[in-house]
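These protein sequence lines map, in sequence, to chains A and D.
When you read off a place in the first sequence, starting at 1, and then add 1, the result is the number in my numbering.
When you read off a place in the second sequence, starting at 1, and then add 34, the result is the number in my numbering.
Here a beta-carbon is modelled for each residue, glycine too, at the ideal position from N, C-alpha and C.
The model shown is predicted, which means the values in this text are computed figures rather than measured ones.
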Amino acid sequence: MDVEIWSRIQFAFTIAFHYIYPPMSIGLGLILVIMEGMYLKTGKKIFEDATRFWIRIFALIFGIGVATGIIMEFEFGTNWATYSKYVGDIFGSALAAEGIFAFALESGFLGILVFGWSRVGPKVHFFSTLMVFLGSMFSAIWIVVANSWQQTPAGYHIVGKGIHARAEVTDFWAMVFNPSSVDRLIHVWIAAFLAGAFLVLSVNAYYIIRKRHLEIAIPSFKIALVVATICSLSQLWAGHRSADGVAKNQPVKLAALEAHYDSSARGDMYLFGYVNNKTQQVTGVKIPGGLSFLLHGDFNEPITGLNAFKADEKPKQVNAIFQVYHIMIACGMGMIALCLFAIWQWKRNKLFETNWLLWIFVWAVLLPQIGNQAGWFAAEMGRQPWVVYGLLKTSDALSKTVKANEVIFSLILFTVVYSLLLVLFLYLLNKKIKHGPESYDSEESDENSKRNNPLMQQH
Amino acid sequence: METFLGIAFNMWWFLVFGAVISGYAILDGFDLGAGALHLFLKKEESRRIALNAIGPVWDGNEVWLVIGGGVLFAGFPVAYAAIFSAFYVPFMVFLMGIVFRGVAIEFRSKEPGKWWRKTWDVVYSIASIIIALSLGLMLGNVALGIPLNDDQEFSGHWLYFFNPFAIMVAVTTLSLFMMHGAIYLTMKTENRLFIKLHLLANNFTVFFVLSFIITTLYTLLYIPHLSDYFRSHPVFFLIPLLMILSIANIPRQIKKGKYRYAFLSSAVTIALLLIMVAVEVFPYLLFSKGNAANSITINNGASSTKTMKTLLIIALIGTPLVGLYTGFVFWTFKGKVKLDATSY
């Protein structure tokens, strides 16, 4: 295999691993703002205890998110030097803006969030929580803007030829608000809220089943359920907007998502299926004309198919793209069904007695995670063979000086280190969850923290 | 060429990049130094205090690296592409150091076990040392220049980076950070730990001064072209002069017990060292050894003026904000470290 495929595997692996954490930070940030806000408003200690508990989990998630995120920033330069030169004007601006506006805000205030309880008042602490949350939201803005520009370039012109060709900004705001930025940003934000909400749901469902920390677990579960329900339903709308945008701006990607080959036929919508790219056959359950209806309100409207595009300007992995796209949708629909059913049970006062439902919530933390990963794979694989849609091919974007064996070396390094990180992360997360929230500010809490902190026992 | 306050935009951006990198070296420098000397502290409580001295701020300090990367990417994409693809192998090692340093700090306190903590102490310390050494190694090679081909990409083998000059710069960087970190920790500690750190600060100062002298002599004797610019522009001799004064002030202030001034001096020393490197390499961002025509300069490596203008606005809005809340965080955690339930 050559440098290109190794570099692509490495990039996909490192970004996918990184993307486990930031959505949880963003979503958990929202929940923290709500919980600490409730604490400030009502003065109830359960909200303080819950906030403190989730901040410690937030710190763990944030720590790994930062460590794996720094790698992403430099991987463009190490493995994709030609790409970096080509898009530096645009992509670099977005990254620089992210660093200075978003990341600095987030990291700066995180110290106060975690260590500042006794150093600042409750209002300043709440303000810090708000800033950390805003920082993570801003981060998403700049990263999604940069990626959206790769999907739907705007506000630029090309300078130079061949190896020295590069895109230069002509209109900064047109670049920022390129045709897909806003839709995709909303889609990503909501998905991140879901990741956070379902984490909180999962942990509290576990406590409720085990009849532990009920005074904290039940209100926390309710808060997260409301957030999850609102978000999973609004994702229908946001996802639809995104798909509309793809149909308009990247018709070839849309055709690949539903494996629609024939240009003159109506577009079917599959619930699931299998694509044979050679025979152009899709086997599965479909709504005939569903795609045409969703995009144009008419079941018989023809949709441009894959066959209408040149062989070297469309993705080859149609089945993989089809699968990840449908996995994402299935996860989204699963979350909606689960939330609505839970709300109904709540109305009937049966939610917290239905153990099997709570067990589903314990494991449902995986739904937004799988959905997020699948969604990004669909977006990125669907853009192939382009790295910048219509402008720069992925195969032309590499670092020419980097050899295959060097990439293999780093890929092995990443695989080993990231596997270790994931194991440690899950181990510590599990431990923190088993340990549960503590009560602070009372005599009992001092005892508790001593018991749980062996260092304080020694002295 | 358009200008702002009489200075061309790419020159502005060169200065901004220099300032951000200096900020990173000064801020994360003490974290890295504290990490590198971590194993010199033997007692569990001492190690915890040392960790909590950087606990609330190290994350924010590391952000300067992220900003630096963004600034280079946006302002000088050609240099960004060439530097990171050229230093592929050392840079991957550096990134692993960054990953392990971060998670070691985070993970260490999460388990009480003796071996758990000892393992993360070692990981933390080695990762900090690796980060400092690889930063120095890359800085040394950038100062020296590396062979670039017609596409302005590296045309050598990665073993090339381990030349004597770069290795000396790497060791000097490590010693500088260790001194800087030890001085920082004296400001944050009390009693016996404080006395120990006072002694360590003295020893690392000696270590730094020796490394610095050897590297400087080697440069003057074997790499004369690095001092060309100073010889042709004698006014720049002020920089090394100031630097010598600043270095001499460090042991003086440590002796007087004025650690804050000693810390300030070592921060100034770091900035002056980087300014000196900047003057040595200017106007090159990456000098092509062997074929100077392929070098990347602040002119042929820069983004469009439009982007640099936009970025300057971003920097003008962003920097005061970052300064404001960085200051607020440092102020919140000022004074000696006190361990409590939220500490590492």
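For residue j and residue i, the rounded distance between their alpha carbons
i, j, result
"A/Y419", "A/F75", "17 Å"
"A/G44", "A/P23", "30 Å"
"A/W377", "A/V145", "11 Å"
"A/G93", "A/V133", "23 Å"
"A/A51", "A/A105", "26 Å"
"D/V269", "D/L275", "11 Å"
"A/C332", "A/F342", "15 Å"
"D/R82", "D/T239", "24 Å"
"A/V170", "A/G240", "29 Å"
"D/I330", "A/K124", "50 Å"
"D/L155", "A/A375", "Correcting the residue type first, residue 155 of chain D is Asp in the shown sequence and not Leu. So the two alpha carbons sit approximately 37 Å from each other."
"A/F102", "D/I132", "22 Å"
"D/A216", "D/G67", "7 Å"
"D/F297", "D/K230", "17 Å"
"A/M25", "D/V313", "44 Å"
"D/S159", "D/R142", "12 Å"
"D/W192", "D/A204", "16 Å"
"D/G69", "D/E96", "14 Å"
"A/T355", "D/W92", "45 Å"
"A/G268", "A/I304", "6 Å"
"A/D3", "A/S181", "32 Å"
"A/F426", "D/W47", "39 Å"
"A/G112", "D/A161", "22 Å"
"D/M126", "A/G291", "47 Å"
"A/W150", "A/K287", "33 Å"
"A/Q11", "A/V408", "8 Å"
Distance between beta carbons of residue j and residue i, contact taken as under 8 Å
i, j, result
"A/V247", "A/L237", "Not really, about 16 Å apart at Cβ, beyond 8 Å."
"A/T1", "A/D397", "Only positions 2 to 460 of chain A appear in the structure, and residue 1 of chain A is not among them; the question remains open."
"D/L71", "D/L234", "6 Å"
"A/G437", "A/Y271", "Not quite, the Cβ-Cβ distance comes to about 43 Å (not below 8 Å), so this is no contact."
"D/L254", "D/S261", "6 Å"
"A/D313", "A/P386", "7 Å"
"D/K370", "D/T223", "7 Å"
"D/I163", "D/F199", "At roughly 20 Å, the Cβ-Cβ gap does not stay under 8 Å, so D/I163 and D/F199 are not in contact."
"A/H188", "A/S140", "A/H188 to A/S140, Cβ: 16 Å. No contact."
Span of the alpha helix (DSSP H) around residue i
i, result
"A/G335", "V319 to K348"
"D/Q186", "It is not in any alpha helix (DSSP H) - D/Q186 carries neither H nor E in the DSSP assignment."
"A/F139", "P123 to Q152"
"A/L234", "L215 to N250"
"A/W357", "N356 to W364"
"A/T83", "A82 to V88"
"D/E79", "E78 to I88"
"A/W118", "First-last for A/W118: undefined, no H or E at that position."
"A/D313", "No alpha helix (DSSP H) holds A/D313; DSSP gives it neither H nor E."
"A/S94", "S94 to A98"
"D/T341", "T339 to T366"
"A/R185", "S182 to I210"
"A/A175", "F173 to V177"
Bridge-paired residues (DSSP) for residue i
i, result
"A/K287", "A/Y271"
"A/V276", "A/V283"
"A/P303", "A/R267"
"D/T331", "D/Y318"
"D/F38", "D/I41"
Limits of the beta strand (DSSP E) - the one that residue i falls within
i, result
"D/I180", "Neither: D/I180 is in no beta strand (DSSP E) and is coded neither H nor E."
"A/R167", "R167 to V170"
"A/Y157", "Y157 to V160"
**Request:** Could you tell me which uninterrupted alpha helix (DSSP H) segments, each at least 4 residues in length, are contained entirely in the stretch 95 to 140 of chain D, listed from first to last along the chain?
**Result:** Qualifying alpha helix (DSSP H) stretches, in chain order: 111 to 120.
**Item:** Ordered list of alpha helix (DSSP H) runs contained in the stretch 14 to 54 of chain A, each at least 4 residues
**Value:** Secondary structure in the stretch 14 to 54 of chain A: the alpha helix (DSSP H) runs of 4 residues or longer, each lying completely within the stretch, are 22 to 43 in chain order.
**Request:** Report the residue ranges of all beta strand (DSSP E) runs contained in full by the stretch 378 to 446 of chain A; include only those spanning at least 3 residues, in chain order.
**Result:** Within the stretch 378 to 446 of chain A, the runs of beta strand (DSSP E) that reach at least 3 residues and sit entirely inside it are, in chain order, 387 to 389.
**Message:** At 4 residues or longer, what runs of the alpha helix (DSSP H) sit wholly inside the stretch 220 to 292 of chain D?
**Reply:** Every alpha helix (DSSP H) of 4 residues or more that sits fully in the stretch 220 to 292 of chain D is shown, in chain order, as 225 to 256, 262 to 266 and 272 to 290.
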